[in-house]
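Chains as they are written, first to last, in the numbering used here: chain A, 772 to 884; chain B, 1300 to 1410. The beta-carbon is built from N, C-alpha and C at its ideal position, and this holds for glycine as well. This report concerns only the one structure given below.
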Amino acid sequence: GAGVSQTPSNKVTEKGKYVELRCDPISGHTALYWYRQSLGQGPEFLIYFQGTGAADDSGLPNDRFFAVRPEGSVSTLKIQRTERGDSAVYLCASSLWWNSPLHFGNGTRLTVT
Amino acid sequence: QKEVEQNSGPLSVPEGAIASLNCTYSDRGSQSFFWYRQYSGKSPELIMFIYSNGDKEDGRFTAQLNKASQYVSLLIRDSQPSDSATYLCAARGSTLGRLYFGRGTQLTVWP
């Protein structure tokens, strides 16, 4: 079946702009995760959804970052007033249950100029 | 602070050799552990997961877990140049679904 789908694959935006990153998880997976990864680093946790609710949003760096999953499937990560330090690859992953392995999408490379 | 530590390498082995990748974790309550392979410019790909103490084998890969020592390892037998990648170790926290990742170990297998 289809894997985790992320769009866009690349996003270039100017400092101060608003961006939305979309994630479509594997069908039937109840858990969805957002991570971001900078060059030479491991993935850094942002937020985790179980169903429609955010079970753990402790990784969101500040209130410019927000994520939703209104129907328990597709999720959108929203970043307001982007800063150059937000530049990274944003990875979405899903898992069948909270204790199952994560399967990652291809990521969205965000560049803030 | 829950952490996963890996030797960043680089680790270089000849083709056909055994590559040994190691990882330690700080959360003693962690119950499940994962190894991901990441090629340059690509996203992490699940290789192995292990929940119980001991060894778990899948083809050329063996994951080893020692909860008392808070130590996880990945052995790659008969290493191939196509195994050259960064290997990420991850531990699932004791209470929630999030995974904590190490920085990864860069492996190069030379022909």
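Measuring alpha carbon to alpha carbon, tell me which of the options ends up nearest residue i.
i: B:S1383; options: B:G1396, B:G1392, B:T1404, B:S1372; result: B:T1404
i: B:G1328; options: B:G1392, B:L1387, B:Y1386, B:R1402; result: B:G1392
i: B:S1342; options: A:V883, A:E785, A:T853, A:L873; result: A:L873
i: B:Q1330; options: B:W1409, B:L1406, B:Y1399; result: B:Y1399
i: A:N877; options: B:S1339, B:I1349, B:L1374, B:S1372; result: B:S1339
i: B:R1359; options: B:L1374, B:L1345, B:Q1369; result: B:L1374
i: A:E785; options: A:A825, A:S871, A:S858; result: A:S858
i: A:A825; options: B:A1316, B:V1408, B:L1395, B:D1326; result: B:L1395
i: B:A1390; options: B:F1332, B:G1401, B:S1372; result: B:F1332
i: B:Q1305; options: A:G813, A:W869, A:D795; result: A:G813
Check the Cβ of residue i against every Cβ in chain D and list those closer than 7 angstroms, keeping chain order.
i: A:A826; result: Within the model displayed, chain D is absent; protein chains A and B are what it includes.
Any idea if residue i is buried or exposed, counting beta-carbon neighbours within 10 angstroms, 16 or more meaning buried?
i: B:D1377; result: exposed
i: B:V1303; result: buried
i: A:I818; result: buried
i: A:R866; result: It should be pointed out that residue 866 of chain A corresponds to Ser in this sequence rather than to Arg. Flag for A:S866 reads buried.
i: B:P1410; result: exposed
i: B:P1309; result: exposed
i: A:V883; result: buried
i: A:N851; result: It should be pointed out that residue 851 of chain A corresponds to Gln in this sequence rather than to Asn. When all chains shown are included, A:Q851 counts as exposed.
i: B:W1334; result: buried
i: B:T1385; result: buried
i: A:R855; result: exposed
i: A:L792; result: buried
The ligand PLP heavy atoms versus the CB of residue i: any closer than 7 angstroms?
i: B:A1384; result: The ligand PLP is not among the ligands present in this structure, which contains no ligands whatsoever.
Against chain A, which members of the segment 1321–1336 of chain B pass a CB distance test of less than 9 angstroms?
Q1330, S1331, F1333, Y1335
For the segment 834–862 of chain A, list every residue whose C-beta sits within 7 angstroms of some C-beta in chain B, in sequence order.
L862
If contact means a Cβ-Cβ distance below 7 angstroms, which residues of the segment 1341–1369 of chain B contact chain A?
S1342, P1343, L1345, F1348
The segment 793–805 of chain A / the segment 838–847 of chain A touching (three or more Cβ pairs under 8 angstroms)
yes
Between the segment 776–791 of chain A and the segment 848–865 of chain A, can you find at least three pairs of beta-carbon atoms closer than 8 angstroms?
yes
So within the segment 1316–1348 of chain B, which uninterrupted beta strand (DSSP E) runs reach at least 3 residues, ignoring any that extend past its ends?
1318–1324, 1331–1337
At which residue ranges does the segment 793–868 of chain A contain complete beta strand (DSSP E) runs of 3 or more residues, listed in the order of the chain?
802–808, 815–821, 824–827, 836–839, 846–850, 859–866
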